[in-house]
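Asks: Residue numbers (our numbering), protein chains in the order written: chain A, 1 to 488; chain B, 1001 to 1488. Don't be surprised by glycine CBs; every beta carbon is placed ideally from N, CA and C.
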């Protein structure tokens, strides 16, 4: 079976598009920049959602839902925010269509112009803080720990499925606090939640850091980020958590009476991850045979293939194993389609990233064994039927760990230190990857470096060594190394 | 504690609004007709979603996600559909804002006009069938059984929280089949799923029927509906499932090669329920003390109140019971807030519809008992501590059943037969409720009756008796009784 996937070596960007298409993850739509998330892609997102939702609830958050539309004037209230978000967005100007009097079809009814235009939310700080104004009067109403699962729209010019689309799905947490310290603690807590999710569930190692002023969320005083390295050595920002200070409270006049009955402005955070994580997952683990998924997020964890086709004695064992594995908590797919040959099924299950595949043949049955194949390494072993659940338990842990370790080794092998501009430029241009280098702390230098190399400061890592030095570009004093990389 | 809820008797409509507000279910927003779904309201919807999603997956469906926007021209493709949906909708005409050169704030950038306007989806048949065209080539690609959880927008003039809002949340199933019979079977199967959900989970009895031509979904050949009676005796359409024939396949040119290699048009269904169900739930069970929720959908199922306030010995028992009840699968809230008196907490838990409340007092503890109160009847009993889980198990079943039975009795008590126009008019105008009456089968008569009484035909019940008669309005022959009522 030709899988129609170009190799990463040949064309990484095309490889990604091929995986998305051939593994049935997403499709283009008739609307510019908007994708259709196909069932297999959506099932991965559903698993991500489910786990993140548990983690949000464990940390005391509840879900709510705010309107899709934001009155245009709201966007002007927070000055930096409007610069960051209001520019490329979908603007609703009318609320009615009418039959075209000159012919066929429908036209916009000119009589139905809105008094104030509505913006399809690019992010919901403004509409949410306008609501919080009504919900918060006293310190007793705080903290307010709310999350929203929603779709948002940003009118991107260059789009790629999952990584950058005009419409995408995400969650956005918006919390309100009575003190600065509590808000910072919240932003840091969610930064940690995202880190745990990325590493423990996506098997994707990330670097925790804060953004430079230049790369911060529009309206934030501090943006915490997790940065991952993709297989082409480029960085991908996988989740951000923002300490917003009192900026939105000021813009929407949200105050509370403290315990001493004095009026104070409320402190805010917001934090989000999106369907972009599906893109990150693909790019972190997949290979030239197709998708590779960490067991904890795989929609189907175990497949069973009858060799060469379904038969009574094979069915018996297959159904028994399916049953036992389901009881052990796995999602199982017994592929009984008798129009497809085993080789075709193997290729298809590889393409879809199913972590473990069982093949049941008549000859094996005589020996009371089943062939067990793991997707990540391709390794196959014969395992006694009564040992299958135990073996699958082991493999799932092993695959999850192996994927993480492999990605971590890859990142480490592609992480460099540069101490001169020549070295820096050479690494960024020839080798790629993450470069730890000294930086003088100015936006000017940051932008000059971006201009010359396309590399941006991904983050100021939280665990960076105490080490002063000289800026790799300007030669001015530097308080420590930051991470540069080209990024998605 | 004054709950700020008017009685149903005094003003039913205001009572509903009071419950929505006071129980923390929803709030108005700054955007006309759009509501904010507050955490308690959203948690009910989450529980509905969770259960429906299980039922959809059990019946072989998978989830996917299609774009929020629909190109304007798509809506014109299916003639009836455009009449039904394209008129009152949110129209996106531009994709950029700019700083106002004459002053403050932002204005729509006139340069950023879209070539073709985009409609915010009022329902997704058109964009989905435009996609299915690419997904369906052969009979092997069928059936396609897809569901989407999404937000939709219909520019309603008169809105009420949950019952009718410009933006609402829903699920829409869209399936494609190779034969008419299979599509009808699917539409009927989902009709049955909705019935089971309404009755077994919402404890809301419904009547299964089909809509008259006049009340059908725009573009459907048959609309299956479930109709419930609210406490003001008005009907509420709680879910619909549509057999769409080949209308959308024709409009979007979706054909398949059958087993004989001949090209045929694909058959379609669609089906949906929305956040309107939250409104239906409120109106079916709640009382003048607040929300009443069926245990299977209640976000908090058991609350524990320390009398008069938390203390070491009370905590010990409370945490133990909390733990046992959580292990038994219940969501539990131990209300340790020491700033509120027990009476206040009781009222608050009643308001929120928590089905079972435990009160732990020191005197009771000496006797090793706890006071157990049920929300539906207000009944209280003392139960030995070691019998609590057993008692809660019983009560949950009992409350769930009692709510259903009570609603059914109410519907039966308010269901009438009318055999003359005088009788019909008198019942509709004075008593309300459901009226079984003969109808001549014409839209003309249906509309004339609506015009005079505001009553519409809710459905042609599936289980109606074989009984011919004379139309209550026109006197012409009738093939059987249909159900008339005023409706939400």
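Identify whether residue 157 (chain A) lies in helix, strand or coil by the three-state DSSP scheme.
Replies: coil
Asks: What residue range does the alpha helix (DSSP H) around residue 135 (chain A) cover?
Replies: 125–135
Asks: Could you give the distance in angstroms between the alpha-carbon of residue 1269 (chain B) and the alpha-carbon of residue 1251 (chain B)?
Replies: 15 Å
Asks: Who are the Cβ neighbours of residue 1332 (chain B) in its own chain at under 6 Å, not counting the five residues just before and after it?
Replies: 1302, 1322, 1325, 1326
Asks: Taking C-alpha atoms, which residue in A:472, A:22, A:166, A:201 lies nearest to residue 89 (chain A)?
Replies: A:166
Asks: Taking buried to mean at least 16 other C-beta atoms within 10 Å of its own C-beta, is residue 397 (chain A) buried or exposed?
Replies: Under this definition residue 397 (chain A) is an exposed residue.
Asks: Going by C-alpha distance, which of B:1310, B:1329, B:1362 is nearest residue 1345 (chain B)?
Replies: B:1310
Asks: Compare the C-beta of residue 105 (chain A) against all C-beta atoms of chain B and say whether one is closer than 8 Å.
Replies: Chain B contact via Cβ: present.
Asks: Going by alpha carbons, who is nearest to residue 1243 (chain B) out of B:1179, B:1220, B:1152, B:1173?
Replies: Checking every option, the nearest Cα to that of residue 1243 (chain B) belongs to B:1220.
Asks: Using a C-beta cutoff of 8 Å, does residue 17 (chain A) count as contacting chain B?
Replies: no
Asks: Please name the residue, chosen from B:1340, B:1480, B:1350, that lies closest to residue 1005 (chain B) on a Cα-to-Cα basis.
Replies: B:1350
Asks: How should residue 1007 (chain B) be labelled, buried or exposed, when 16 other C-beta atoms within 10 angstroms of its C-beta is the threshold for buried?
Replies: Around the beta-carbon of residue 1007 (chain B), fewer than 16 other beta-carbon atoms lie within 10 Å, marking it exposed.
Asks: In whole angstroms, what separates the C-alpha of residue 226 (chain A) from that of residue 1113 (chain B)?
Replies: Taking the Cα positions, residue 226 (chain A) is about 37 Å away from residue 1113 (chain B).
Asks: Quick check: is the beta carbon of residue 1130 (chain B) nearer than 8 Å to any beta carbon in chain A?
Replies: yes
Asks: What span of residues does the beta strand (DSSP E) with residue 1013 (chain B) cover, start to end?
Replies: That residue, residue 1013 (chain B), is in no beta strand (DSSP E); its alpha helix (DSSP H) goes 1012–1022.
Asks: Can you round the beta-carbon distance between residue 292 (chain A) and residue 353 (chain A) to whole angstroms, since I take them to be within the 8 Å contact cut?
Replies: Contact flag correct, Cβ pair sits at about 5 Å.
Asks: Quick one: measure Cβ to Cβ for residue 1121 (chain B) and residue 1092 (chain B), integer angstroms, because I've assumed they're closer than 8 Å.
Replies: Residue 1121 (chain B) to residue 1092 (chain B), Cβ: 11 Å. No contact.
Asks: Is there a Cβ of chain A sitting closer than 8 Å to that of residue 1477 (chain B), yes or no?
Replies: no
Asks: Please classify residue 1001 (chain B) as buried or exposed, where buried requires at least 16 other C-beta atoms within 10 Å of its C-beta.
Replies: Residue confidence is low: residue 1001 (chain B) scores 45 on pLDDT, short of 50, so the model does not pin down where it sits. Its coordinate-derived value is still stated next. With fewer than 16 Cβ atoms within 10 Å of its Cβ, residue 1001 (chain B) is classed as exposed.
Asks: At a Cβ cut of 8 Å, what residues of the stretch 1066–1087 of chain B count as close to chain A, listed as they run along the chain?
Replies: Residues 1066, 1067, 1068, 1069, 1070, 1071, 1072, 1073, 1074, 1075, 1076, 1082, 1086, 1087.
Asks: Could you give the C-beta distance for residue 1003 (chain B) and residue 1298 (chain B), rounded to a whole number, given that I count them as a contact under 8 Å?
Replies: That pair is no contact at about 19 Å.
Asks: I need the boundaries of the alpha helix (DSSP H) containing residue 1045 (chain B), first residue and last residue.
Replies: 1039–1058
Asks: What's the C-alpha gap between residue 111 (chain A) and residue 74 (chain A)?
Replies: When the Cα atoms are used, residue 111 (chain A) and residue 74 (chain A) turn out to be separated by approximately 24 Å.
Asks: Kindly list, in the order they appear in chain A, the residues whose Cβ is closer than 9 Å to that of residue 1416 (chain B).
Replies: The contacting residues do not exist; residue 1416 (chain B) stays about 39 Å from chain A at best.
Asks: Which residues of chain A have a Cβ atom closer than 8 Å to the Cβ of residue 1038 (chain B), listed in chain order?
Replies: 64
Asks: Contact criterion: CB-CB distance below 8 Å. Does residue 1271 (chain B) meet it with respect to chain A?
Replies: No - not a single Cβ of chain A is within 8 Å of the one on residue 1271 (chain B).
Asks: In this structure, does DSSP put residue 1219 (chain B) in helix, strand or coil?
Replies: Of the three classes helix, strand and coil, the one that applies to residue 1219 (chain B) here is coil, per DSSP.
Asks: Can you pull the chain A neighbours of residue 1034 (chain B), defined as C-beta to C-beta under 8 Å?
Replies: Under the 8 Å cutoff, chain A gives 67, 68, 69.
Asks: Here's a check: name, in chain order, each residue in its chain whose Cβ is nearer than 6 Å to the Cβ of residue 1056 (chain B), leaving out the five neighbours to either side.
Replies: 1147
Asks: Please state whether DSSP places residue 1 (chain A) in a helix, a strand or coil.
Replies: Bear in mind that the predicted position of residue 1 (chain A) carries a pLDDT of just 45, short of 50, making it too unreliable to give a figure here.
Asks: Can you find at least 3 beta carbon pairs, one from the stretch 1052–1070 of chain B and one from the stretch 32–39 of chain A, that sit closer than 8 Å?
Replies: yes
Asks: Using the Cα positions of residue 1205 (chain B) and residue 246 (chain A), report the straight-line distance between them to the nearest angstrom.
Replies: CA-CA distance, residue 1205 (chain B) to residue 246 (chain A), rounds to 50 Å.
Asks: Quick check: what's the CA-CA separation for residue 10 (chain A) versus residue 23 (chain A)?
Replies: 19 Å
Asks: Could you pull the start and end residues of the alpha helix (DSSP H) that residue 321 (chain A) belongs to?
Replies: 312–327
Asks: Evaluate residue 157 (chain A) with the Cβ neighbour count: other Cβ atoms within 10 Å of its Cβ, from every protein chain shown; 16 or more gives buried, anything less gives exposed.
Replies: exposed
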